[in-house]
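Undergrad:
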Amino acid sequence: MHDEANQQILLLLIILFPLGGAVVNGLLGRYMPKSLVTLVGVGSVAVSFGLAVTAFVELYGLAGPDVEHPALIYQFYEWFSIKLPRGQVVAINVRFLMDSLSGVMTLVVTGVGGLIHLYSIGYMGEDEGYPRFMSFLNLFMASMLILVLGSSLPVMFVGWEGVGLCSYLLIGFWYENRVYAAAGRKAFVVNRVGDFGVLIGMFILVGVAGSFEFTDINAAATGGQFRADFPFGILGVMPSLATVACVFLFLGCTGKSAQIPLYVWLPDAMAGPTPVSALIHAATMVTAGVYLCCRLSPLFITSDVAMAIIAVTGTTTALLAASIAVVQREMKKILAYSTVSQLGFMFAAVGVGFFAAGFFHVFTHAFFKACLFLGAGSVMHAVHAHGDADIFKLGGLKKILPITRWTFLASCLAIAGFPLTSGFFSKDEILLGAAAQIYRPDDALQHAVGWFTLIGLTLAAVMTAFYMFRLYFLTFTGDYRSADQLGDHPYDAHPHESPPSMTIPLIVLGLGALFAGFLGLPHLVPITGTHLPNWWMHWMESSVAGQPAPEEMHVVNLASGLAFGAMAVGISAAWLLYRNKSRDALAERMPKRLFQLAFDKWRVDELYGATIVNPIKQVATVAGRADMTFVDAIMTKLPSLNVREAGRIFSRLQNGVVQMYGAVMIVGVVAVLGFFWAPRSHIEATFEGKNVGLTTPPGLGYEYRWDANSDGEFETAWADAPETSFEYEKRDVRDVAVFIMNARSGVEKRIDVGKDWVRLPVEAVAPAATLRPDDVGFEVRVDGKDLVFRRPDPPTLLAGSKELRLPMGKDGRLGPARVFSRPVVEATVEVRNAFGNSRRATKEITLPFWLEDAPPHAALMSHGSEVVR
Amino acid sequence: MGVGTYLALAAVLFGIGAAGFLTRRNMLIQLMSIELMLNSVNVVLLAFNRVHSANHEGQVFAFFVIAVAAAEAAVGLAILVAYYRIKKTIDTDDARLLKY
Amino acid sequence: MTSHSLSWLLAVPAISALVVLLLPRSWEGSIRRFSIGAMLVELLLSLRLVFADYSEAGYLFVEQMSWVESFGISYKVGVDGLSLWLVILTTLLSPIALYASWGSITTRIKEYAFSFLLLELGMLGAFVALDLFLFYVFWELMLVPMYLIIGVWGGKDRVYAAVKFFIYTMVGSLLMLVAILYVVTSYKELAGHYSFDLQELSTLVLPAMPQYLLFSAFALAFAIKVPMFPFHTWLPDAHVQAPTGGSVILAAVLLKLGIYGFIRFAMPLFPVASQVIGPVLAGLGVFGIIYGAYAAWVQRDLKKLVAYSSVSHMGFILLGLFAMNRTGISGAMLQMINHGISTGALFLLVGAIYDRRHSRLLDDFGGLAKVMPWYALFFVIITMSSIGLPGTNGFVGEFMILAGAFISRSSIGFGSAWFVMTLLAATGVIFAAVYMLHAVLRIFWGKVVHSENESLTDLNRREVLSLLPLLAMVFWIGLYPKFFLDKMNPAVDSFVSDFTVRYYEGRRTSEPHLIDIDELKLKLEAARGLAMAQPMDEEGAR
Amino acid sequence: MSAVDFMGVSPLLLLVGAGLALMLVDAFSAERSELALVTAASLFAGAALAGSMLVSGELPAAPELVTRYLAADRLGLLFDVVICVGGGLSALLAGGYLREHGLERGEFYVLLIFTAFGAMVLARAVDLLSIFLGLETMSLGAYALVAYRRTSARAVEGAVKYFLLGSFAAAILLFGSALLYGATGHTDLAGIREVVAAGDADPILAVLALVMLLVGLAFKVGAVPFHMWVPDSYEGAVTPVTTFMSVAVKAAAVAVLIRVLVGAFGDEASMSLYTGWTPVIFLLSIATMVYGNLAALAQSSVKRMLAYSSVAHAGYILVGIAAAHEVGAFAVSAVLFYVAAYTVSNVLAFGSLILMGSKGKEAVSYDDLAGAGRRHPMAAFPFVIGVLSLLGMPPTAGFFGKYYVFSAAVQAGGPMVWLAVLGVLASGVGAYYYLKVIVYLYMREPEEGQAIAVPMQSIYVVAALVLSAYYVVKMGIMPGRYLDWAVSAASSFMS
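Given below as structure tokens:
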């Protein structure tokens, strides 16, 4: 598909630089001067950014109307391969792909990442773990770039889990605080739940598409391969392959991108240093889920159900997180919930089929949210707040931290969707998608989802504007409340503006927050209806599928109106309630319990604890205890105890008395004699032609007589020979046995034929291996001299005629099975031993051949009015 | 008289010997019981030699049995003496040092 | 090839053991150096095997010599893609385990070295034996030194643990002996002569019924060794009581013999039974994954935690094995190596901390990242390998196993069972993170609360040296597993296709008979156009 | 008649001569210190003589007058070797043991030689008369040997029990012999076989005779429930005698069991799997294996444990005999090999036990062994090999022997396979008490204040241990030659 000459080694280098930085700083950083650590840490990312720009420029040059999917490829080596049941070997290559989607993402990651690295010099420079921090941050960059550039699911998964690891390490960066470390662990474990989904989704994809490559999977999805039903129903529903795969993949996205139900780790993740929150938990890593959805947009769009699930989940998350953010007191916590909420917006966009719009929001969000976090970090740095800062203890910082304040304001405007800022364009596009959904013809599901999404997102947008400006006003307006106040954590009374290494990133990001939106001007300007060139949509077309943008003006007007209105309402409310205020005016106006519930994040963590974590922990405790007691007792202790006790009892029998010993011997003698007292016999039959040889084991002093045809009379007199032979005739036949043989494997099975219909499971007919278990067998009935076999309706696997009439002695075919009957006779031997005791043995013999002509019906019925076995 | 009568006699003798061996505690009497059992064998051997009169194997066998019985008694009595020296009794019930 | 490579491989530890036995016990230093030296020579010798050509299935370095002629018992050894890496694993980990032991074992050096060399002999012998009798001999031979290592140099309840280990394992394998005899007898009745040669016995096809019983006998022996739930209860005891070196070998190599036994002997000889009983074993494996993880989570003793994690990991391997396709089996084979490396390293790390603190209780630690940063680094890396983080070895194995299980259609009467089993097994990935990170949290993060911990020294040279090769392997396999897989894949492919043929033959027959597998393969392919990739691939599914 | 004509029974003659000479030497020599060496040398010479005839292709000659009663076949020669080696090794052990414990008297060795002679006669007996004579010669010697330490209450008590029960069993066996004579008119086994196979024997008498012979021989072998004397007399006797009884006496009993059951009652009807003696042996072997192993589990005395283990091993031997109905020669050869392997293994185990004690402190119980492996590694090591061989761990003689008999059972097929299964499970139980020896040797330390057994210094015992250890390992690693002997002996007997 892609020729080898087209290798672009830049892609590899983009990743290798930060990776190298991580290794150097991780192993040697402790022994290097700080400046060198900085050089390695920041320099590697800077170089990586430069390379990314170079690569992007090249990619841009490739794009043209005749290039269907412009992409740069670098195939490194084959990692490993799996083999599908069809014998097809699927190679998993370490291969990188930069197309329009991953190109933009790479720029964002390296660009924003570079700025945050720069910021970290000032923010983390004094920390004793600075080299470690730089190393982890670089490792994160490398992982994130692998995630973005990986051309197949497994390679992406490397980055996917790699960023999880870095997230774990960085959240718990200040590991001496066990709460922080626990937050890191929580993040990792919750993410693993999602990763589980990605793994399973991946397997379904490869099982159908026969490849892990995104391009192949998307091609297969476009080709409709995923529309088929999943092999078996789940709770009575028969979903399509695409639905199941997408739901599993989306589970992964909810983990990584903090959506319901797996969002709970993100707020806790704020335990990490602020640059980490900015980079990982706002700008890049958490958007990986959206990225994955966009990456596989042709697949996702195949499944309406999955899309509906995504849209509803995203909207609900946006609402829920926003409602929590509205009442929080701490800067980073508010920003964290805001991130969750914004991610919900992105997924809502994905869910309504506006993948590019969702991704556009990823793009703009990276700027303003990173800027907000860094701004918060700047504030915290200024007031010497550790961990997080309570906004009710701040205030009036606009004079003291002017740069921080202006950039923060710009970002607040952007996230609130103030016209012409970046957030305005991207959010507008999302609402447009939701609105378009409502007007899509005749699909009840899509209609419902559209309405829900539109209303939900509008509400969330109102809240967004509100809580962001609540944050802004409380932090930057009014008076500085920690100047004289002695609280639990009195902040520095004399804060100061941050150093340039921190303010420069703020400024760059703030500018981005204001102007990045112009890359994605609306296709249609509301009210005027002017067509504008939308560079973003155009650029993304080649790699992202999606619903077309609506052309109707009323849709556009509706969406824009709602967006603008939400922004206006939110900001005004915040202005009224919080400008220059120091008290939580909203809390005072809300019902106390509702406020408390929202403040406690709707107690979701507690809910999970009670319903999932604790039960599992209890099961685990039981398992752990039971293993060494119960299981071990059954498997080891009990048997060994029994054996030992038996040994003790046995050895007690040896009581030392000679007479007792002698008595035991006599018992032994009697037992042995008793063994010979009664004769034993059983019959074995051998077949030679039509002659049936009958033998019984010989014994010392035994005599035998035979009744071969079971007429109750012995044909032979008492004799010494333990064998006889007999030639059966049809009158000797006592019964007829019916056999079914799997025609393919040759496995035979005798079946019991009753008077009534007999239903035969397939396992009885054939080795189940060759048949599916849900294919029920067939029915057998006695009809005069014939046996009738009938397949049930609807016919499943057993091909051929529906009913088979089988006269005695003939054989027939039914599907993959051969059916035949055989005569059954009975033979009896009586054995007499020297002591005059005798015993009889009777054996039913199924003759392997059919006698001359079919036995009369009477014979079949000889045991009564029905055929009995 | 047929062989059966002799056999019955031998069986009775053997049974008495065995019963004596099992029920008596006096080691001397147990020894004698065993001698009785050996002698019952002699009766059987001699009786059967009448049936299989072609050779004299049965009778020869009987002589050997008598001789061996004597040797056995000698060893047995020696052990008995040693036992008596230690235990001051010839009651086999007291031989219960070794058990379990 | 008559290079005698494998014979040398067996001779070196045997001769060295004898030499150690003859050295005076007071020469402790010499014994230490000599035994390590012998094992390193062994490692070099074994590396020779790696450079052979494994692109065709079949045994290499085969040597055959009649041993007990009248019984058809022969000394026959050889390696193929299935055993190659296990041999290397053994030769790699033995010196590491012994070297690490020299830090903590101070009494009866001579006996320890002797036991270790004997143990290595037993393990290598079992991996290279191609004669069932020879295999059994080596299989049992391993027990004694391991028993001594646990029982003599172990912890407080060492005797109980050692006896439990010995009897558990031995009782399991005794039934296998009877099963072996049955197979050999059946072969003799058809072929006219005795043979324990695996390749000759592979021409024997038994009907289904005896296969079930025989497979069960084999499976019992191997399942105990694996150990599969519910036969695992000897493992925590043995691990907790064994000295560090013993734990390393036990976890890294001995457990692998169970799986190896399945794939080398039980499955090829009894395909029908494997096909039918296999899913049940895989199910137990899946249960073991979750159960082991749960049990590991609540352990307070770090070593016990790692021991239960072994139960969990070995469950994965069982699942992959009985997925009965190339992906699953290759994954299982690779995961064996991975588990050997990562769990071996974990036991080394546990041993390192135990040597310092004489405690393994999680409660006794906390905040060690501060005092022992290098130790923390090593531990976290190995942890990540253990929980299967991509880029480390654990991921590749687990991925292939899960993929193999997912696409397996060897289900008999279960329908969606493999899908469900894969789902459940994949949750093991979550729980692995839970219990391992739980341990990491308790040991490394937080403040140093126990004052004894403040003065702990970081890893010393011996420990770093013994861990570094394992660390290198973690990333080598994680990043370039193809090197390892390429050598085993042809063998696995041929295993699967032979298995398929023998499975059908066993299904069809009601009398034992001998087959020519190649001829049969052609016939079957011609008759049905059967894709040889997977046994159950006929028509059933979809 | 020249001497050459008696080559077939020359080992017997050699022993008789040696025994008589020993009596003279004992009577006239003041210095009788090296009697053990002389005895062992004579017995080993007997073994060498028999062995050389066994490996040489042709069977040595013997006059019909002799072979009428005593077979001069390979089976007999093989048992000559086993009994002589067992006896010789026991003599060496006695040489160390008796001197250490101040018990050495000349008659011991004479008794030993004549008992061995009796055992060899029994092993070669092919006539009811010679069976009886051999049995009594052997038994009377054995009774006396058990009672040898006549000042010990335990020894005498063991002898009393052994004697009374032994005589009782002998009487039963004798009665059976008489009935068999009556039933067939023959006392020679070949003749009996002919008559029985032809169906001409009186069935009632024949069955009764079979039962009584079987019981009498099962007693000597020590099969449950006729084993009750074994633990007591083994424990009571001095350890070298115990050793001797457990190897030589048992071997002879196995030999005659084979000759009577597989020989005289070897026709299809008598040994049928369902109606003949096979199922009886089958059940006896189950009972013996299970009982022996379980009871051994409960012991605290190593010596008594080894006694019970000897019962258990009788069970494994019976497995081989039970398999004879289907795979005659193979099963018999398995039994032969097993007996040989058991002989050396058992000598090794008992010998190590002897070595572990010294005057005033004999090692008997497990506690006596505590920590001995640490204190006296060289003395403990052979014990490990011995118990591992008894346990059946490869690569030892014991493993190969077990493998062989179970292989015979599996080949016999049908229910015999389950006998093998049960057998291996029972031997799995055995692991516990055999391992206990190793546990005490290496993993335990003696309790405070407990008297510590100190190994004795004896070149004899060491020689016996080295020899037996050598064969234990050699028969495990290179069993080929011994297998060939067993197979040729068995097949010549069966044909």
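So the sequence lines, in the order shown, correspond to chains R, W, V and U. Each residue of the first sequence is one higher than the one before, starting from 1 at the first, in the working numbering. Each residue of the second sequence is one higher than the one before, starting from 1001 at the first, in the working numbering. Each residue of the third sequence is one higher than the one before, starting from 2001 at the first, in the working numbering. Each residue of the fourth sequence is one higher than the one before, starting from 3001 at the first, in the working numbering. All C-beta atoms in this analysis are idealised placements derived from N, C-alpha and C, irrespective of residue type, glycine included.
First and last residue of the beta strand (DSSP E) that includes Y578(R)?
TA: From DSSP, Y578(R) is part of no beta strand (DSSP E) but of the alpha helix (DSSP H) over 553-578.
Undergrad: Ignore the nearest five residues each way along the sequence and tell me which others in C371(R)'s own chain have a CB closer than 7 Å to its CB.
TA: Here the set comprises T407, S411, L506, L509, G510, A513.
Undergrad: For H16(R), which of F96(R), M741(R), G87(R) has the nearest alpha-carbon?
TA: Rather than His, the amino acid found at residue 16(R) in this sequence is Leu. The option with the nearest alpha carbon to L16(R) is F96(R).
Undergrad: Is it a yes or a no for the stretch 294-309 of chain R touching the stretch 209-222 of chain R, going by three-plus beta-carbon pairs under 8 Å?
TA: Short answer: they touch.
Undergrad: Please go through the same chain and pick out, in chain order, the residues whose beta-carbon is closer than 7 Å to the beta-carbon of L2514(V), but skip the five residues on each side of it.
TA: Excluding residues within five positions, the ones whose Cβ falls inside 7 Å are L2190, A2191, T2203, L2204.
Undergrad: Closer than 7 Å by C-beta to P794(R): which residues in its own chain qualify, once you throw out the five before and the five after it? Chain order, please.
TA: Confidence in P794(R) is poor, its pLDDT being 48 and thus under 50, which makes the residue's placement unreliable; the coordinate value appears in the next sentence. Excluding sequence neighbours, P794(R) sits near nothing in its chain.
Undergrad: So is W602(R) buried or exposed if we call it buried at 16+ other beta carbons inside 10 Å?
TA: It counts as exposed.
Undergrad: Measuring straight from C-alpha to C-alpha, what distance separates V2272(V) and G3088(U)?
TA: Near 54 Å, if we compare the C-alpha coordinates of G3088(U) and V2272(V).
Undergrad: With a CB to CB cut of under 6 Å and the five nearest residues on each side skipped, what residues in its chain are close to T458(R)?
TA: Closer than 6 Å at the Cβ level, and outside the excluded window around T458(R), lie L562, A566.
Undergrad: Which of helix, strand or coil does DSSP assign to E2120(V)?
TA: DSSP places E2120(V) in helix when its eight states are reduced to three.
Undergrad: Which residue wins for smallest C-alpha separation from C294(R), given the options T316(R), A242(R), A356(R), T243(R)?
TA: Of the candidates T316(R), A242(R), A356(R), T243(R), the one whose C-alpha sits nearest the C-alpha of C294(R) is A356(R).
Undergrad: Compare the C-beta of V3146(U) against all C-beta atoms of chain V and say whether one is closer than 8 Å.
TA: No, V3146(U) lies away from the interface with chain V (no Cβ there is under 8 Å from its Cβ).
Undergrad: With distances taken from CA atoms, which of N2453(V), I2401(V), A2425(V) is nearest L84(R)?
TA: When only C-alpha atoms are compared, the closest one is I2401(V).
Undergrad: CB-CB under 7 Å to A448(R), same chain, minus the five flanking residues each way: which ones, in chain order?
TA: Nothing listed; no residue qualifies.
Undergrad: For G3120(U), which option in S3010(U), G3182(U), I3192(U) has the closest C-alpha, if you only look at C-alpha atoms?
TA: Inspection of the sequence shows that residue 3120(U) is occupied by Met rather than by Gly. For the residues S3010(U), G3182(U), I3192(U), the minimum Cα distance to M3120(U) belongs to S3010(U).
Undergrad: To the nearest angstrom, how far is it from the Cα of V3417(U) to the Cα of A3409(U)?
TA: Distance between the alpha carbons of V3417(U) and A3409(U): 6 Å.
Undergrad: Is the shortest distance between the beta-carbon of Y1100(W) and the beta-carbons of chain R less than 8 Å?
TA: So, interface residue.
Undergrad: Of all the residues that make up the stretch 624-648 of chain R, which are near chain U by a beta-carbon distance shorter than 7 Å?
TA: Taking 7 Å as the Cβ-Cβ cut-off against chain U, the residues of the stretch 624-648 of chain R that qualify are V643, R644, A646, G647, R648.
Undergrad: Can you check DSSP and say which residues form a bridge with P2390(V)?
TA: For P2390(V), which the question treats as bridged, DSSP gives the partners T2392(V).
Undergrad: Compute the Euclidean distance between the alpha carbons of S2410(V) and L2321(V), then round it to the nearest angstrom.
TA: Interpretation of S2410(V) is limited by its pLDDT of 49, a score under 50 that renders its predicted location unreliable; no figure is taken from the coordinates.
Undergrad: Just list the alpha helix (DSSP H) runs in the stretch 712-743 of chain R, keeping only unbroken ones of 4 residues or longer that don't cross its boundaries, in chain order.
TA: Listed in chain order, nothing qualifies, since the stretch 712-743 of chain R has no complete alpha helix (DSSP H) run of 4 or more residues.
Undergrad: Select from R2442(V), T2233(V), E2463(V) the residue whose C-alpha is nearest the C-alpha of A2345(V).
TA: Looking at the Cα atoms, E2463(V) is the closest of the given residues.
Undergrad: Any beta carbon of chain B sitting closer than 8 Å to that of D3080(U)?
TA: Given the protein chain composition of this structure (R, W, V and U), no chain B is represented.
Undergrad: Report, in whole angstroms, the separation of the C-beta atoms of T2955(U) and A3091(U), which I expect to be a contact under 8 Å.
TA: In the structure as shown, chain U begins at 3001 and stops at 3495. Residue 2955(U) is therefore absent and cannot be evaluated.
Undergrad: Can you pull out the residues from the stretch 2144-2177 of chain V whose beta carbon lies closer than 8 Å to at least one beta carbon of chain U?
TA: Correct list: V2144, Y2147, L2148, G2151, V2152, R2158, V2159, A2162, V2163, F2166, I2167, M2170, V2171, L2174, L2175, L2177.
Undergrad: Quick one: grab the DSSP three-state call for N2460(V).
TA: N2460(V) falls in the coil class under three-state DSSP.
Undergrad: I want to verify the contact list: residues of chain R whose CB lies under 9 Å from the CB of W2445(V), in sequence order.
TA: Here the neighbours are G172, Y175, E176, N177, R178, Y180, A181, A182, G184, R185.
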